[in-house]
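A.B. asks: Take a look at this one; I'll ask things after.
Protein chains in written order, with my numbering: chain A, 1 to 204; chain B, 205 to 452.
Rendered as structure tokens:
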């Protein structure tokens, strides 16, 4: 009897896994973005330190999506030019830079209004979710590209006003590795992160 | 009862095998190579033979944007309420109608050229000289791609040419520079047959420049701060943006 139940459970998992992965992930994306905005526009967010702010946002986003995929795509084949320590360091620093830029793009502005379009299935493994961000009278088109991974649907690119974030950073990283190495890149990323503390002059 | 479960388990195993077989027919998940090996660099096709000069001009522009334009933009946004800024933006955008018309006509997009004309007439009259955009509320006039002479040249098969960074203006290509010269010729805010010729030149220049500067430099510093190489970021961003405009 036990073996039957085990077999049944295993088979059910095999059958249900692709079906679960195929469900529309737009709700997961919307709730994650809204949750991150809730954090930024909470009344006590301005009082937190830079690291606390970044940590709060990262916990919300990384709870749902794996940012490593997005960042590794920006690095592309340059990944193999780095050793394991450098890979881990670059991943972490770019992640910090992305979160810092995200927070900086919102502080001091009114909470943007988000509207999401339909989910377009490009193939069985790729889909696109269109959205519009309304901020201070301007409408910005943002498209999220998601790919089907073992862990479920993950964001692999963000396209803002027809400009792919992954392509843009890949250009910079490719250009960097043509003349420099991983150590220079780590140094550059550290400098960028130290340019300005987010605590300075933030009024929400 | 025992034989029933055996039968059930056999059936379920068969279903499982069928699902597995279909799964093996086409990979279900994105592979590492698909994800990380894909060529995502749209800007690689552009030649940049003047990179050393371009980088010097880029540094000059960067200084001007941060130290001069950004401050003008800040003053402009401080002293003018959002409604006035929107009105000014709409006004100058409406004045660029001849550029959009020429861009459409040169690409034989006659339906869009007519739509642009209708939008211009309605915005210029009901929209109080173009300061408001009543057409936005009319479904028939849903936004259409903005055309210019650079896009027309591209549609004729003229290639990008080398990448250029123009003083004050920023990223461009040889083709886009030619288009820009053409745009200037037909743009009434710039050309001798200006529709706002009766304005004092300094008023015209100050208002149009302040509006453009405030729009262009909005967030420039913030964006730049998060770039590993701002020159490469701007080049790639510009080329992606123009390619999308050409594809529309």
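Beta carbons: idealized from backbone N, C-alpha and C, even for Gly.
Could you tell me if residue 122 (chain A) is buried or exposed, where buried requires 16 or more neighbouring beta carbons within 10 angstroms of its beta carbon?
C.D. replies: Counting from 1 along the first chain, the entry for residue 122 (chain A) is found at position 122. Flag for residue 122 (chain A) reads exposed.
A.B. asks: Measuring straight from C-alpha to C-alpha, what distance separates residue 360 (chain B) and residue 306 (chain B)?
C.D. replies: Position 156 of the second chain, counted from the first residue, corresponds to residue 360 (chain B). Position 102 of the second chain, counted from the first residue, corresponds to residue 306 (chain B). Taking the straight line from one Cα to the other gives about 14 Å.
A.B. asks: From residue 72 (chain A) to residue 324 (chain B), what distance separates their C-alpha atoms?
C.D. replies: The residue labelled residue 72 (chain A) in the question sits at position 72 within the first chain. The residue labelled residue 324 (chain B) in the question sits at position 120 within the second chain. Spanning the two alpha carbons is a distance of roughly 47 Å.
A.B. asks: Where does residue 157 (chain A) fall in DSSP's three states?
C.D. replies: Taking the first residue of the first chain as position 1, residue 157 (chain A) is located at position 157. The answer is strand: DSSP assigns residue 157 (chain A) an E or B state.
A.B. asks: Grab the span of the alpha helix (DSSP H) containing residue 138 (chain A) for me, first residue to last.
C.D. replies: Taking the first chain and counting its residues from 1, the one referred to as residue 138 (chain A) is at position 138. Note, residue 138 (chain A): premise wrong, no alpha helix (DSSP H); beta strand (DSSP E) at 138-149.
A.B. asks: Excluding the 5 residues flanking residue 162 (chain A) on each side, which residues of the same chain have their C-beta closer than 7 Å to its C-beta?
C.D. replies: On the first chain, position 162 is the one that residue 162 (chain A) refers to. Same-chain partners within the cutoff: there are none.
A.B. asks: Taking just the CA atoms, how far does residue 326 (chain B) sit from residue 205 (chain A)?
C.D. replies: What is shown of chain A runs 1 to 204, which leaves residue 205 (chain A) out entirely.
A.B. asks: Between the stretch 371-381 of chain B and the stretch 282-302 of chain B, do at least 3 Cβ pairs fall closer than 8 Å?
C.D. replies: Contact between the stretch 371-381 of chain B and the stretch 282-302 of chain B is absent, because fewer than three Cβ pairs lie under 8 Å.
A.B. asks: Can you give me, in chain order, the residues of the stretch 57-82 of chain A that have a beta carbon less than 9 Å from any beta carbon in chain B?
C.D. replies: The stretch 57-82 of chain A vs chain B, Cβ under 9 Å: 69, 72, 73, 74, 75, 76, 77 and 79.
A.B. asks: Is the stretch 426-440 of chain B touching the stretch 250-263 of chain B, taking contact as three or more C-beta pairs under 8 Å?
C.D. replies: These segments touch.
A.B. asks: Does any C-beta atom of chain B lie closer than 8 Å to the C-beta of residue 41 (chain A)?
C.D. replies: In the first chain, residue 41 (chain A) corresponds to position 41, counting from 1. No, residue 41 (chain A) lies away from the interface with chain B (no Cβ there is under 8 Å from its Cβ).
A.B. asks: Apart from the five residues just before and just after residue 433 (chain B), which ones in its own chain have a Cβ nearer than 7 Å to its Cβ?
C.D. replies: The residue you call residue 433 (chain B) lines up with position 229 of the second chain. Excluding sequence neighbours, residue 433 (chain B) sits near nothing in its chain.
A.B. asks: Mind listing the chain A neighbours of residue 433 (chain B)? Cutoff is C-beta to C-beta under 7 Å, in chain order.
C.D. replies: Sequence index remark: in the second chain, residue 433 (chain B) carries index 229 (1-based). Chain A residues near residue 433 (chain B): 172, 175 and 176.
A.B. asks: Where do the N-terminal and C-terminal ends of the beta strand (DSSP E) with residue 206 (chain A) fall, by residue?
C.D. replies: Absent from the model: residue 206 (chain A). The displayed extent of chain A is 1 to 204, so no value can be given.
A.B. asks: Flag this pair as yes or no: are the beta carbons of residue 127 (chain A) and residue 120 (chain A) separated by less than 8 Å?
C.D. replies: To locate residue 127 (chain A), count along the first chain from 1; it is residue 127. To locate residue 120 (chain A), count along the first chain from 1; it is residue 120. Contact: yes.
A.B. asks: When you compare the CB of residue 101 (chain A) with every CB in chain B, is at least one pair closer than 8 Å?
C.D. replies: Along the first chain, read from residue 1 onward, the residue named residue 101 (chain A) stands at position 101. Taking Cβ atoms only, chain B reaches closer than 8 Å to residue 101 (chain A), which makes this a yes.
A.B. asks: Identify which residue in B:238, B:446, B:311 and B:322 has its Cα closest to the Cα of residue 367 (chain B).
C.D. replies: Residue numbering aside, residue 367 (chain B) sits at position 163 when the second chain is read from its first letter. Comparing Cα-Cα distances from residue 367 (chain B) to each of B:238, B:446, B:311 and B:322, the minimum goes to B:446.
A.B. asks: Anything in the stretch 132-163 of chain A with a Cβ closer than 8 Å to a Cβ of chain B? List those residues in chain order, please.
C.D. replies: The residues in question are 136, 137, 147, 148, 149, 150, 156, 157, 161, 162 and 163.
A.B. asks: Verify the CB distance criterion: does residue 345 (chain B) have a CB-CB separation below 8 Å to chain A?
C.D. replies: For the purposes of this step, residue 345 (chain B) is identified with residue 141 of the second chain, where counting begins at 1. By this cut-off, residue 345 (chain B) is not an interface position.
A.B. asks: Taking only the alpha-carbon atoms, compute the straight-line gap between residue 383 (chain B) and residue 159 (chain A) and give it to the nearest angstrom.
C.D. replies: Position 179 of the second chain holds residue 383 (chain B). Position 159 of the first chain holds residue 159 (chain A). Distance between the alpha carbons of residue 383 (chain B) and residue 159 (chain A): 26 Å.
A.B. asks: Under 8 Å, Cβ to Cβ, is there at least one residue of chain A near residue 440 (chain B)?
C.D. replies: The sequence position of residue 440 (chain B) within the second chain is 236, counting from 1. Yes - at least one Cβ of chain A is within 8 Å of the one on residue 440 (chain B).
A.B. asks: Here's the rule I'm using: 16 or more other beta-carbon atoms within 10 Å means buried, otherwise exposed. How should residue 154 (chain A) be labelled?
C.D. replies: Within the first chain, the letter at position 154 stands for residue 154 (chain A). Under this definition residue 154 (chain A) is a buried residue.
A.B. asks: Just mark residue 317 (chain B) as buried or exposed, buried being the case when its beta carbon has 16 or more other beta carbons within 10 Å.
C.D. replies: What you label residue 317 (chain B) is simply residue 113 of the second chain in a count that begins at 1. The residue is buried, with at least 16 neighbouring Cβ atoms inside 10 Å.
A.B. asks: Which residues in chain B have a C-beta closer than 7 Å to the C-beta of residue 166 (chain A)? List them in chain order.
C.D. replies: Reading the first chain from its first residue, position 166 is the one you call residue 166 (chain A). Within 7 Å Cβ-Cβ: 244.
A.B. asks: Rounding to the nearest angstrom, what Cα-Cα distance links residue 342 (chain B) and residue 137 (chain A) in this structure?
C.D. replies: Numbered from 1 along the second chain, position 138 holds the residue referred to as residue 342 (chain B). Numbered from 1 along the first chain, position 137 holds the residue referred to as residue 137 (chain A). Cα to Cα, residue 342 (chain B) sits roughly 19 Å from residue 137 (chain A).
A.B. asks: Using a Cβ cut-off of 8 Å, which residues of the stretch 283-301 of chain B contact any Cβ in chain C, in chain order?
C.D. replies: Protein chains A and B are contained in the structure displayed, whereas chain C is not.
A.B. asks: Give the DSSP bridge partners of residue 121 (chain A), in chain order.
C.D. replies: Here residue 121 (chain A) corresponds to residue number 121 of the first chain, with the count starting at 1. According to DSSP, which records beta bridges pairwise, residue 121 (chain A) is partnered with A:127.
A.B. asks: Contact between the stretch 45-58 of chain A and the stretch 137-146 of chain A is defined here as three or more beta-carbon pairs at a separation below 8 Å; is this criterion met?
C.D. replies: Judged by Cβ distances under 8 Å, the stretch 45-58 of chain A makes no contact with the stretch 137-146 of chain A, as fewer than three pairs qualify.
A.B. asks: Can a CB atom of chain B be found closer than 8 Å to the CB of residue 192 (chain A)?
C.D. replies: Position 192 of the first chain, counted from the start, is the residue given in the question as residue 192 (chain A). Closer than 8 Å: yes.
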